[in-house]
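Asker: The sequence shown begins at 47 in this note's numbering and counts up one residue at a time. All residues carry an ideal CB built from backbone N, CA and C; glycine is no exception. The structure's right below; bear with me while I get my questions together.
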Amino acid sequence: MDGNKDESERCISLAIKYSKLGDREKALKFLHKAERLYPSQKAKDLIESFQCEVNGTGENESQSEPTNTEGVRQRKGSLSRVKEEKKEPEKKEIEYTKENLEAVKRIKRVKCYYEILNVEKDATENDLKKAYRKLALQMHPDKNKAPGATEAFKAIGKAFAVLSDADKRRKYDVHGPEEESNQQNHQQY
């Protein structure tokens, strides 16, 4: 029982720490754990005060409920919190920064592979890899929700594939992008 008392005290101190950090839900979680491990008046008082703050209710409301239903009420709160978390990603999908959108527009506007990767024509293999990694992380569709991010990501991949291969790079330097040279050939006939 003394081992549980020590663990309960540790949970209470963690709850106080999380409360100071502003994470009341986590603080409540540790207080409930402390109460299960070793019931104490300190834990009960802290639970009561934190629940009032988290739920935004007065003390009378939380005192009127018996303590054995708190676990059930907490579970309901947890379920509603899970539902809220499921709704939030939908909102985040349409959110993107102005910088993300500008970067996507720049990549889609530029046709030169060197400009897409933001490197000079005499860039080394190492320079190409660094530029590719940086842009790929920035433009990855999971990270960048701006419209056209997928196309920009593909353009970055294609630019890197061509410029990192010595033969393809040599052909690109002489003839330019394959699509443009193919289109020019079709127009000549």
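Would you tell me roughly how many angstroms separate the C-alpha atoms of K151 and C98, rounded to the nearest one?
Answerer: Taking the straight line joining both Cα atoms gives about 49 Å.
Asker: Measure the beta-carbon distance from I58 to L74 and round it to whole angstroms, keeping in mind my assumption that it falls under 8 Å.
Answerer: 12 Å between Cβ atoms; not a contact.
Asker: To test your reading of the DSSP string, which unbroken beta strand (DSSP E) runs of 3 or more residues are found completely within the stretch 188-217?
Answerer: DSSP runs (the beta strand (DSSP E)) wholly in the stretch 188-217: none.
Asker: Using the C-alpha atoms, what's the distance from D219 back to A207?
Answerer: 14 Å
Asker: Cα-Cα, which of L147, D91, E55, Y160 is closest to G203?
Answerer: Y160
Asker: Just to confirm, is the Cβ distance from L209 to L181 under 8 Å?
Answerer: Contact: no.
Asker: Expressed to the nearest angstrom, what Euclidean distance is found between the alpha-carbon atoms of N172 and R179?
Answerer: 11 Å
Asker: Inspect the beta-carbon positions of S65 and L83 and report whether they are closer than 8 Å.
Answerer: no
Asker: How about A205 and L147: do their beta carbons lie closer than 8 Å?
Answerer: no
Asker: Give me, in chain order, the residues of the same chain whose beta-carbon lies closer than 8 Å to that of T196; leave out the 5 immediate sequence neighbours on both sides.
Answerer: P187
Asker: Would I153 pass as a contact of A198 if the rule is Cβ separation under 8 Å?
Answerer: For I153 and A198, yes; Cβs fall inside 8 Å.
Asker: Looking at the structure shown, is V150 part of a helix, part of a strand, or coil, going by DSSP?
Answerer: helix
Asker: State the CB to CB distance for the pair P223 and K157, rounded to an integer number of angstroms; the pair is presumed to be in contact (CB under 8 Å).
Answerer: Contact between P223 and K157 is confirmed by a C-beta separation of about 6 Å, below the 8 Å threshold.
Asker: Give the single residue among R216, K214, R215, L183 whose Cα lies nearest to the Cα of K24.
Answerer: There is no way to answer for residue 24, as the model of the chain reaches only from 47 to 235.
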